[in-house]
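Participant: Sharing a structure with you now.
2 protein chains.
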Amino acid sequence: MVSIGVGILGGGTVGGALATRLLTEQDAIAAKSGLTLELRHLAVRDPGKPRPYVFPPNLMTTVPEEVVDDPEVDLVVELMGGLEPAAGLVMRALQAGKPVVTANKELMATTGAELLEEAGRRGVSLLFEAAVGGAIPIIRPLSESLAGERITEVLGIVNGTTNFILTRMCQQATTFREALAEAQSLGYAETDPTADVSGADAAAKAAILASLAFGTWVGRDMVHTEGIESLDVADIGFAADLGYVPKLLAIASETGTGIAVRVHPTLVPVGHPLASVSGSQNAIYLRGPGVDELLFAGPGAGGGPTATAVLGDIIEVARELLAGAPAPPRVRLAPAGLRPVAELETSWYLRLEVVDRAGVLARIAGAFGDLGVSIESMVQIGRGETATLIFVTHPSPESGSRRAIEALSGLDVVRQVAAAIRVLIA
Amino acid sequence: MVSIGVGILGGGTVGGALATRLLTEQDAIAAKSGLTLELRHLAVRDPGKPRPYVFPPNLMTTVPEEVVDDPEVDLVVELMGGLEPAAGLVMRALQAGKPVVTANKELMATTGAELLEEAGRRGVSLLFEAAVGGAIPIIRPLSESLAGERITEVLGIVNGTTNFILTRMCQQATTFREALAEAQSLGYAETDPTADVSGADAAAKAAILASLAFGTWVGRDMVHTEGIESLDVADIGFAADLGYVPKLLAIASETGTGIAVRVHPTLVPVGHPLASVSGSQNAIYLRGPGVDELLFAGPGAGGGPTATAVLGDIIEVARELLAGAPAPPRVRLAPAGLRPVAELETSWYLRLEVVDRAGVLARIAGAFGDLGVSIESMVQIGRGETATLIFVTHPSPESGSRRAIEALSGLDVVRQVAAAIRVLIA
Numbered sequence: 277m278v279s280i281g282v283g284i285l286g287g288g289t290v291g292g293a294l295a296t297r298l299l300t301e302q303d304a305i306a307a308k309s310g311l312t313l314e315l316r317h318l319a320v321r322d323p324g325k326p327r328p329y330v331f332p333p334n335l336m337t338t339v340p341e342e343v344v345d346d347p348e349v350d351l352v353v354e355l356m357g358g359l360e361p362a363a364g365l366v367m368r369a370l371q372a373g374k375p376v377v378t379a380n381k382e383l384m385a386t387t388g389a390e391l392l393e394e395a396g397r398r399g400v401s402l403l404f405e406a407a408v409g410g411a412i413p414i415i416r417p418l419s420e421s422l423a424g425e426r427i428t429e430v431l432g433i434v435n436g437t438t439n440f441i442l443t444r445m446c447q448q449a450t451t452f453r454e455a456l457a458e459a460q461s462l463g464y465a466e467t468d469p470t471a472d473v474s475g476a477d478a479a480a481k482a483a484i485l486a487s488l489a490f491g492t493w494v495g496r497d498m499v500h501t502e503g504i505e506s507l508d509v510a511d512i513g514f515a516a517d518l519g520y521v522p523k524l525l526a527i528a529s530e531t532g533t534g535i536a537v538r539v540h541p542t543l544v545p546v547g548h549p550l551a552s553v554s555g556s557q558n559a560i561y562l563r564g565p566g567v568d569e570l571l572f573a574g575p576g577a578g579g580g581p582t583a584t585a586v587l588g589d590i591i592e593v594a595r596e597l598l599a600g601a602p603a604p605p606r607v608r609l610a611p612a613g614l615r616p617v618a619e620l621e622t623s624w625y626l627r628l629e630v631v632d633r634a635g636v637l638a639r640i641a642g643a644f645g646d647l648g649v650s651i652e653s654m655v656q657i658g659r660g661e662t663a664t665l666i667f668v669t670h671p672s673p674e675s676g677s678r679r680a681i682e683a684l685s686g687l688d689v690v691r692q693v694a695a696a697i698r699v700l701i702a
Numbered sequence: 277m278v279s280i281g282v283g284i285l286g287g288g289t290v291g292g293a294l295a296t297r298l299l300t301e302q303d304a305i306a307a308k309s310g311l312t313l314e315l316r317h318l319a320v321r322d323p324g325k326p327r328p329y330v331f332p333p334n335l336m337t338t339v340p341e342e343v344v345d346d347p348e349v350d351l352v353v354e355l356m357g358g359l360e361p362a363a364g365l366v367m368r369a370l371q372a373g374k375p376v377v378t379a380n381k382e383l384m385a386t387t388g389a390e391l392l393e394e395a396g397r398r399g400v401s402l403l404f405e406a407a408v409g410g411a412i413p414i415i416r417p418l419s420e421s422l423a424g425e426r427i428t429e430v431l432g433i434v435n436g437t438t439n440f441i442l443t444r445m446c447q448q449a450t451t452f453r454e455a456l457a458e459a460q461s462l463g464y465a466e467t468d469p470t471a472d473v474s475g476a477d478a479a480a481k482a483a484i485l486a487s488l489a490f491g492t493w494v495g496r497d498m499v500h501t502e503g504i505e506s507l508d509v510a511d512i513g514f515a516a517d518l519g520y521v522p523k524l525l526a527i528a529s530e531t532g533t534g535i536a537v538r539v540h541p542t543l544v545p546v547g548h549p550l551a552s553v554s555g556s557q558n559a560i561y562l563r564g565p566g567v568d569e570l571l572f573a574g575p576g577a578g579g580g581p582t583a584t585a586v587l588g589d590i591i592e593v594a595r596e597l598l599a600g601a602p603a604p605p606r607v608r609l610a611p612a613g614l615r616p617v618a619e620l621e622t623s624w625y626l627r628l629e630v631v632d633r634a635g636v637l638a639r640i641a642g643a644f645g646d647l648g649v650s651i652e653s654m655v656q657i658g659r660g661e662t663a664t665l666i667f668v669t670h671p672s673p674e675s676g677s678r679r680a681i682e683a684l685s686g687l688d689v690v691r692q693v694a695a696a697i698r699v700l701i702a
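So the sequence lines, in the order shown, correspond to chains A and B. So for the first sequence, our numbering puts the first residue at 277; every next one is plus one. So for the second sequence, our numbering puts the first residue at 277; every next one is plus one.
This is the structure we're talking about:
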């Protein structure tokens with residue numbers, strides 16, 4: 277049995293969990309995989325920081341380049357997160373002919389095309405199973421198992437923080453602020469929750485999923501992104517009465533005239549497999565003519581799950597190193613024909629505060645009709661000086677729906693369009 | 277772009293679907309994967325049989341050896357099913373240094389160890405993603421993504437026919453015979469349904485799942501197997517009242533002193549992720565300390581889904597062939613320490629028809645207690661000359677439960693133990 281030298285960049289939650297497992301589970305990993313994985317170098321920011329496991333001091337360095345350049349390190353694991361210095365270090369490893377495993381969604385969604393190209397040129401692997409969905413195997417299934425499927429749609433709950441917040445808002449009728457505070461106190465949300473609640477984290481993952489599902493390069497900045505900050509708990513209650521559950525969905529679809537990729541709050545029918553994915557769980561649902569529909573669900577984050585995904589990639593790379601083979605290219609990224617969200621068919625939940633008098637509904641229906649948006653259902657909530665009307669529209673071009681929302685806001689009988697949330701078209 | 281020659285053994289549902297896709301979707305596959313896959317030879321039993329797609333006659337042969345030996349065939353796809361001649365043909369291909377893709381669960385669960393060893397010796401791949409769960413990617417996730425996870429338990433609904441029958445029995449209160457007849461008329465069950473309803477098909481899949489999850493060789497004949505033929509629809513109703521749904525589960529677990537693998541009808545609590553997997557759907561649920569829990573769900577059979585899984589394997593093998601690399605070994609199968617089911621902790625649903633008089637419950641409770649089986653709940657259904665008692669037992673060694681069931685049958689106050697079904701220990 278030959279041993280493979282592993283170098284890790286980053287000693288945070290995931291890096292620490294992975295390094296601990298490499299040191300304490302070496303025999304179990306060897307028994308199952310037939311490989312001895314040896315942790316040879318670990319780059320951390322602060323070697324003095326107290327950690328759950330005490331690493332031998334001679335393994336640690338504060339200079340990540342030392343890990344990459346160490347001739348004893350056969351493969352480099354990047355777990356620092358963020359764009360720089362991670363991108364430079366990963367490129368440096370690849371250029372030295374060392375395979376790389378990373379969990380860095382931001383890196384892959386921003387510079388993935390270049391990095392994968394460099395890996396292909398050098399005949400080494402760049403694996404990133406942990407970048408989306410934590411422990412849920414989705415990168416490998418998309419790029420290998422489903423390589424022959426013409427996937428038509430990928431829907432993902434890929435951010436555990438927002439799914440936890442939305443679940444709390446649904447189940448306990450708490451406001452966004454209260455649910456966020458609870459998520460923070462339980463460690464599900466950061467002190468600065470912007471990356472999660474704004475949808476930016478989900479957008480990076482949506483870009484990666486879309487790239488792999490459709491074999492085209494979709495960068496993070498090409499993803500139309502809306503967050504959950506402005507969701508009103510009142511709408512969650514009204515939507516529940518109509519049979520919907522709110523989810524922050526990453527949606528990548530083949531429209532026939534290009535791929536559309538977006539992240540936004542979406543009302544999901546209760547019967548849909550994604551509707552019951554609750555708390556901090558993640559899930560990816562996809563459709564295609566061959567497979568019909570597939571669902572993958574599990575924990576989307578955390579040291580343990582992410583370390584398992586990284587370890588699977590490490591073992592695969594180690595097997596390739598031992599076979600002495602150039603790594604076969606797994607991912608092919610043609611330039612994407614992206615379709616703007618404005619051109620998509622979307623369906624909307626709209627809450628209007630209106631003047632409660634005869635003829636109002638006719639005025640509103642007329643405004644919808646003028647812009648080619650037809651109404652699937654309407655419910656009036658309460659009566660009095662001001663009434664609340666909830667509309668769900670039939671699918672129609674997003675641009676028309678946006679113009680209708682604007683036109684409605686301008687009507688004298690409409691006090692305000694209090695909420696506008698897209699509904700999943702099943 | 278180089279082209280890879282594909283030879284297919286078997287022109288049935290899956291072989292036909294795959295051959296059709298190779299011929300009609302060549303450009304789409306090439307655009308997504310960067311590979312040109314060329315169908316060069318197809319072995320069928322009856323070239324004259326009418327098929328949904330007309331294959332060029334020069335591609336077809338009735339002599340499968342011609343496909344294997346064809347120098348234009350770079351990789352062999354075995355879709356004949358059954359043990360022979362499939363096993364001999366797969367071995368012949370491997371020995372000629374040709375990689376093989378198969379969907380044959382029986383083959384892999386019976387001779388998988390030898391075939392994988394031969395493939396390893398020749399440095400070629402033997403892939404079998406389609407052998408379990410149809411289009412659900414589970415083989416690759418188990419052997420690669422989760423290679424570093426100490427999986428503790430795999431639970432699978434891996435037979436669509438029985439899941440369809442059980443779903444009908446639950447939702448429409450039809451008997452097993454009626455539900456089977458419906459499954460047959462819809463094409464979900466064969467004219468001779470034995471392999472499905474006896475659990476044999478699920479047992480082969482359980483053996484494969486266990487082998488990959490635990491990195492040990494588990495053959496199909498090592499799987500304790502019970503079918504669904506004797507399930508009474510009355511028990512399905514009583515179990516529903518207690519909060520359970522019946523499923524035919526493949527269960528592979530690490531017990532601490534060995535691996536136990538079994539297939540039997542199991543009452544699953546309604547809140548469990550597998551409880552809502554209905555109709556002909558398949559799903560695999562697994563647990564481990566790193567990943568917590570993962571669920572994979574989708575269509576478990578059919579030409580389209582299975583062809584997609586096979587195509588994924590073909591593309592992976594083709595990439596390896598183009599990289600000119602010996603295939604890295606993906607699976608390691610140490611000899612298994614198997615634990616007999618009799619030693620496992622199991623929990624039971626028992627329906628007893630008893631004489632309805634004072635003191636009966638004390639006698640029955642005494643019989644349970646004497647054999648160390650404790651009762652979690654008891655419900656009496658109806659009163660009169662004969663009463664029905666439903667017991668759910670706490671987990672205890674299976675051997676003790678079996679002795680208790682025997683002892684109960686021998687009590688003069690017990691007319692019969694009318695049903696005994698294991699309950700999932702969550």
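Glycine included, every Cβ here is placed at the ideal spot set by N, Cα and C.
Looking at the C-beta of K308 (chain A), does it have a partner C-beta in chain B at a distance below 8 Å?
Facilitator: Against the first sequence, residue 308 (chain A) aligns to sequence position 32. Answer yes: the Cβ-Cβ gap between K308 (chain A) and chain B drops below 8 Å somewhere.
Participant: Considering only residues of the segment 421-499 of chain A, which uninterrupted beta strand (DSSP E) runs meet the minimum length of 3 residues and lie entirely inside it, listed in chain order?
Facilitator: 429-433, all fully within the segment 421-499 of chain A.
Participant: I need the boundaries of the beta strand (DSSP E) containing P522 (chain A), first residue and last residue.
Facilitator: Position 246 of the first sequence, counted from the first residue, corresponds to residue 522 (chain A). Taken as a continuous stretch (DSSP letters only), the beta strand (DSSP E) holding P522 (chain A) covers 520-530.
Participant: Give me whichever residues DSSP pairs with M336 (chain A) in a beta bridge.
Facilitator: Within the first sequence, the letter at position 60 stands for residue 336 (chain A). For M336 (chain A), which the question treats as bridged, DSSP gives the partners A:L318.
Participant: Based on Cα-Cα distance, which residue from A:E394, A:I701, A:I535 lies nearest to P545 (chain A)?
Facilitator: Taking the first residue of the first sequence as position 1, residue 545 (chain A) is located at position 269. Closest option to P545 (chain A), Cα to Cα, is A:I701.
Participant: At a CB-CB cut-off below 8 Å, which residues of chain A make contact with I535 (chain B)?
Facilitator: Position 259 of the second sequence, counted from the first residue, corresponds to residue 535 (chain B). Near I535 (chain B) there are no residues of chain A at all, since even the closest Cβ is about 12 Å away, more than 8 Å.
Participant: Using the beta-carbon count (16 or more within 10 Å), is L597 (chain B) buried or exposed?
Facilitator: Within the second sequence, the letter at position 321 stands for residue 597 (chain B). Buried, since its Cβ has 16 or more Cβ neighbours within 10 Å.
Participant: Helix, strand or coil: which one does DSSP assign to P581 (chain A)?
Facilitator: Taking the first residue of the first sequence as position 1, residue 581 (chain A) is located at position 305. P581 (chain A) falls in the helix class under three-state DSSP.
Participant: Taking 7 Å as the cut-off, is the C-beta of A423 (chain A) nearer than that to any heavy atom in the ligand SAM?
Facilitator: The ligand SAM is absent from the structure shown, which contains no ligands of any kind.
Participant: With DSSP as the reference, please indicate the residues paired to G283 (chain A) in a beta bridge.
Facilitator: Counting from 1 along the first sequence, the entry for residue 283 (chain A) is found at position 7. DSSP, once it has assigned bridges, lists A:H317, A:V352 as partnering G283 (chain A).
Participant: In chain B, which residues lie with their C-beta within 9 Å of the C-beta of L598 (chain A)?
Facilitator: Position 322 of the first sequence, counted from the first residue, corresponds to residue 598 (chain A). Under the 9 Å cutoff, chain B gives P604, P605.
Participant: Whose C-alpha, out of B:S461, B:L383, B:P417, is nearest the C-alpha of V494 (chain B)?
Facilitator: Walking along the second sequence from the start, residue 494 (chain B) turns up at place 218. Ranking the options by Cα distance to V494 (chain B), first place goes to B:L383.
Participant: Leaving aside the five residues before and after R679 (chain A) along the sequence, list all residues of the same chain whose C-beta is less than 7 Å from its C-beta, in chain order.
Facilitator: Counting from one through the first sequence, the residue named residue 679 (chain A) turns up at place 403. Contacts found: L647.
Participant: For the segment 620-682 of chain B, list the alpha helix (DSSP H) runs that are entirely contained and at least 4 residues long, ordered along the chain.
Facilitator: Runs of the alpha helix (DSSP H) inside the segment 620-682 of chain B: 636-646.
Participant: Just tell me which of B:R453, B:M498, B:E502, B:A457 has its CA closest to the CA of A471 (chain B).
Facilitator: The residue labelled residue 471 (chain B) in the question sits at position 195 within the second sequence. The candidate whose alpha carbon is nearest that of A471 (chain B) is B:E502.
Participant: Could you tell me whether the Cβ of S421 (chain A) comes closer than 8 Å to any Cβ of chain B?
Facilitator: By one-based count along the first sequence, residue 421 (chain A) stands at place 145. At least one chain B Cβ lies under 8 Å of S421 (chain A).
Participant: L571 (chain B) and I433 (chain B) - do their beta-carbons sit closer together than 8 Å?
Facilitator: Locating residue 433 (chain B) in the second sequence gives position 157, counting from the first residue. Locating residue 571 (chain B) in the second sequence gives position 295, counting from the first residue. No. Outside cutoff.
Participant: Taking a cut of 7 Å between CB atoms, which residues from the segment 567-582 of chain B lie near chain A?
Facilitator: So the list reads V567, D568, E569, L570, L571, F572, A573, G574, P575, G580, P581, given in the order they occur along the chain.
Participant: List, in chain order, every chain B residue whose beta-carbon is nearer than 9 Å to that of I433 (chain A).
Facilitator: Here residue 433 (chain A) refers to the residue found at position 157 when the first sequence is read from its first residue. Chain B residues near I433 (chain A): none, gap ~13 Å exceeds 9 Å.
Participant: Using a Cβ-Cβ cut-off of 8 Å, state whether G588 (chain B) counts as contacting chain A.
Facilitator: Mapped onto the second sequence, residue 588 (chain B) falls at position 312. True, the Cβ-Cβ gap to chain A drops below 8 Å.
Participant: Using a C-beta cutoff of 8 Å, does G424 (chain A) count as contacting chain B?
Facilitator: Taking the first sequence and counting its residues from 1, one reaches residue 424 (chain A) at position 148. Cβ-Cβ to chain B under 8 Å: yes for G424 (chain A).
Participant: Using 8 Å as the limit for Cβ to Cβ distance, is R608 (chain B) near chain A?
Facilitator: Start at 1 with the first residue of the second sequence, and residue 608 (chain B) comes out as number 332. It does: the Cβ of R608 (chain B) has a partner Cβ on chain A nearer than 8 Å.
Participant: With H, G and I counted as helix, E and B as strand and the rest as coil, what does DSSP make of D568 (chain B)?
Facilitator: As a first step, residue 568 (chain B) must be located in the second sequence, where it is residue number 292. Strand, per DSSP.
Participant: What does R595 (chain A) reach in chain B if we use C-beta pairs closer than 8 Å?
Facilitator: As a first step, residue 595 (chain A) is located in the first sequence; it is residue number 319 there, counting from the start. Residues of chain B passing the Cβ test: P604, P605, R606.
Participant: Determine the contact status of V278 (chain A) and L298 (chain A), defining contact as a CB-CB distance below 8 Å.
Facilitator: Along the first sequence, one-based indexing puts residue 278 (chain A) at 2. Along the first sequence, one-based indexing puts residue 298 (chain A) at 22. Not in contact: V278 (chain A) and L298 (chain A) (Cβ atoms no closer than 8 Å).
Participant: Cβ of R615 (chain B) within 8 Å of Cβ of T492 (chain B)?
Facilitator: Locating residue 615 (chain B) in the second sequence gives position 339, where the first residue counts as 1. Locating residue 492 (chain B) in the second sequence gives position 216, where the first residue counts as 1. Taking 8 Å as the Cβ cut-off, R615 (chain B) and T492 (chain B) do not qualify as a contacting pair.
Participant: Between B:I512, B:R691, B:L431, B:G660, which lies nearest to V539 (chain B) when the distance is taken from Cα to Cα?
Facilitator: On the second sequence, position 263 is the one that residue 539 (chain B) refers to. Cα-wise, what sits closest to V539 (chain B) is B:L431.
Participant: Mind checking S672 (chain B): buried by the 16 CB within 10 Å criterion, or exposed?
Facilitator: The residue you call residue 672 (chain B) lines up with position 396 of the second sequence. S672 (chain B) should be labelled buried.
Participant: On the criterion of 16 or more Cβ atoms from any shown chain inside 10 Å, does N380 (chain B) qualify as buried, or is it exposed?
Facilitator: The residue you call residue 380 (chain B) lines up with position 104 of the second sequence. Counting Cβ neighbours within 10 Å, N380 (chain B) comes out buried, since at least 16 surround it.
Participant: Give the secondary structure of T312 (chain B) by DSSP, where H, G and I count as helix, E and B as strand, and everything else as coil.
Facilitator: Taking the first residue of the second sequence as 1, we reach residue 312 (chain B) at position 36. Strand, per DSSP.
Participant: Who are the near neighbours of T387 (chain B) in its chain, counting only those whose CB is closer than 7 Å to its CB and skipping five residues on each side?
Facilitator: Reading the second sequence from its first residue, position 111 is the one you call residue 387 (chain B). Excluding sequence neighbours, T387 (chain B) sits near A363.
Participant: Can you tell me the Cβ-Cβ gap for G645 (chain B) and G410 (chain B), rounded? I've got them flagged as a contact below 8 Å.
Facilitator: One-based indexing of the second sequence puts residue 645 (chain B) at position 369. One-based indexing of the second sequence puts residue 410 (chain B) at position 134. About 46 Å separates the two Cβ atoms, so there is no contact after all.
Participant: Show which residues of chain B have a CB atom less than 7 Å away from the CB atom of G396 (chain A).
Facilitator: Reading the first sequence from its first residue, position 120 is the one you call residue 396 (chain A). In chain order: nothing, as chain B lies at least about 10 Å away.
Participant: Decide if N334 (chain A) is buried, meaning its Cβ has at least 16 other Cβ atoms within 10 Å, or exposed.
Facilitator: Position 58 of the first sequence, counted from the first residue, corresponds to residue 334 (chain A). Classification for N334 (chain A): exposed.
Participant: Near L392 (chain A), what residues of its chain come up, given a Cβ to Cβ distance below 7 Å and the 5 sequence neighbours on each side ignored?
Facilitator: Position 116 of the first sequence, counted from the start, is the residue given in the question as residue 392 (chain A). Closer than 7 Å at Cβ, skipping near neighbours: L402, V607, L609.
Participant: Judging by CA-CA distance, which residue of B:A385, B:P417, B:M367, B:V593 is the nearest neighbour of D497 (chain B)?
Facilitator: Looking up residue 497 (chain B) in the second sequence gives position 221. Measuring from the Cα of D497 (chain B), the nearest candidate turns out to be B:A385.
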